[in-house]
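Counted the way mature numbering (1 follows the signal peptide of the UniProt record, and there is no 0) counts, the sequence shown spans residues -21 to -1, 1 to 300. All residues carry an ideal CB built from backbone N, CA and C; glycine is no exception.
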Amino acid sequence: PPGRILPPLLLLLLPLGPAAPCSPQPNATRFVCTEPTLSTFPSGLPPTTVAISVEFTALATLLPTALAGLPRLQELHLSSNRLATLPEALLHPVPTLRVLDLTDNLLADLPAGIFATAGHLQHLVLRGNRLRVLQPAWFQHLPQLRWLNLAANALAEVPPAVFRPLRSLRTLDLSHNRLASLAPGVLAGLRALEQLDLEGNRLGTLPAATFVPVPALRLLFLQDNELRALPAGIFVPLHHLRVLDLARNRLRALELPPRPPGPELDLDISGNPWACKCPLLALLRRAAPQLSAARDTLCASPTRLRGQEVAAVSRAGDTGC
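This is how it looks when you write it as structure tokens:
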């Protein structure tokens, strides 16, 4: 009968009416909707809302006023929708926003001022979109951002110093883009950065001073690129590095960071055509890293060592070095 309150179990069993999927509940703090037919952002959300999750829907557009009246909103999850554009004023009503997840949409660009009032944002995920160019204006007003995920887009370059304002950034993910090179100074300003992921790009080389601006780096992922050589001393600034992944590149010679105090470096150099000569073998003996995938870390030359495990050859010590 009208007005009757159904127990929660019955609410779960009742099918949602086609007219209003995912209706807001008064005084709720969290709103979740994964209705595949939803094409309009829900209205009437209570001002008590602190987290919104509208994911795996048919949502293709957002009005500039979609978040009006939600002054307490801290998390906005909009992954796996059909968003191709965002209004520039979208985030203006939610200055306390901490988390914004736009994974797996159709965004090829963002308005220059989209984050101008999002100074408290800490976690920004743009993974799996169609971004081709990074606009410096996006990052001008995000001093508290700690996590930035730009993976799986169509980025062919990163402008020099584009991330300079992100002085609090701890994690930067640029994996699975189309980066063939990195401009000098691309990491300028990121002195707090601890994790950098460049996996699955097309990097053939790196500027010698690439990592000078990021002395706090602890985890560096460079696997599945096209690196043929590493500049001498490229990892010397990285005194705190604990994980280095160089797997499946085209490297014949190796560079390593200074040996850290405490646990040894976790190093993956598998899938490269290593030249098992004195410089490589002596370096591995001296640095004594923890080699991951040692069985796939093989000598390609000289001929007499081809196919042998690099670690075993290095340990044997009978190579005349």
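Cβ pair V137, L103 closer than 9 Å: no
Flag this pair as yes or no: are the beta carbons of H71 and T96 separated by less than 9 Å? yes
Complete beta strand (DSSP E) runs within the segment 46 to 120 (minimum length 3 residues, chain order): 54 to 56, 78 to 80 and 102 to 104
Does the Cβ of T36 have 16 or more other Cβ atoms within 10 Å, making it buried, or fewer, making it exposed? buried
Taking one C-beta from the segment 208 to 217 and one from the segment 150 to 169 each time, how about it: are there three or more such pairs within less than 8 Å? no
Our contact map puts L230 next to R207 with C-beta atoms below 8 Å; I'd like the distance itself, whole angstroms only. 7 Å
Please determine, among P43, L76, T64 and N156, the residue with the shortest C-alpha to C-alpha distance to L52. L76
Near L105, which residues of its chain fall below 6 Å by C-beta distance, leaving aside the five closest residues on each side in sequence? L81 and L129
If you draw a straight line from the C-alpha of A187 to the C-alpha of L89, how long is it? 32 Å
Three-state secondary structure (DSSP) at S147? coil
Could you have a look at D203 and say whether DSSP puts it in helix, strand or coil? coil
Cα-Cα separation, E243 to R181: 29 Å
Please report the residue range of the alpha helix (DSSP H) in which A295 lies. V289 to A295
Measure the CB-CB distance between L263 and V289 and report whether it falls below 9 Å. yes
Starting from L185 and walking both ways along the beta strand (DSSP E), at which residues does that stretch end? Segment: none, L185 is in no beta strand (DSSP E) and carries neither H nor E.
Quick one: grab the DSSP three-state call for A261. helix
Close beta carbons around L(-13), own chain, < 7 Å, minus the five adjacent residues each side: Confidence at L(-13) is low in this model, with a pLDDT of 41, below 50, so its placement is unreliable and the value that follows should be read with caution. Taken in chain order, the list of residues that qualify is empty.
What ranges does the beta strand (DSSP E) occupy inside the segment 213 to 262, keeping only unbroken runs of at least 3 residues that lie completely in it? 222 to 224 and 245 to 247
Give the secondary structure of R9 by DSSP, where H, G and I count as helix, E and B as strand, and everything else as coil. strand
Since L235 and L270 should fall inside the 8 Å C-beta cutoff, what is the C-beta to C-beta distance between them, to a whole number of angstroms? No, L235 and L270 are not in contact; Cβ-Cβ is about 12 Å, not under 8 Å.
What are the boundary residues of the beta strand (DSSP E) that includes Q174? Q174 to D176
L110 versus R9 - alpha carbon distance: 30 Å
Smallest Cα separation from P3: which of P194, G107, T28 and T16? T28
Is the beta carbon of V193 closer than 9 Å to that of L175? yes
Cutoff 6 Å; reference F200; Cβ partners in own chain excluding five residues on either side: D176, E178 and D224
With distances taken from CA atoms, which of S249, L277 and P15 is nearest Q202? S249
Assign A273 to one of three DSSP states: helix, strand, or coil. helix
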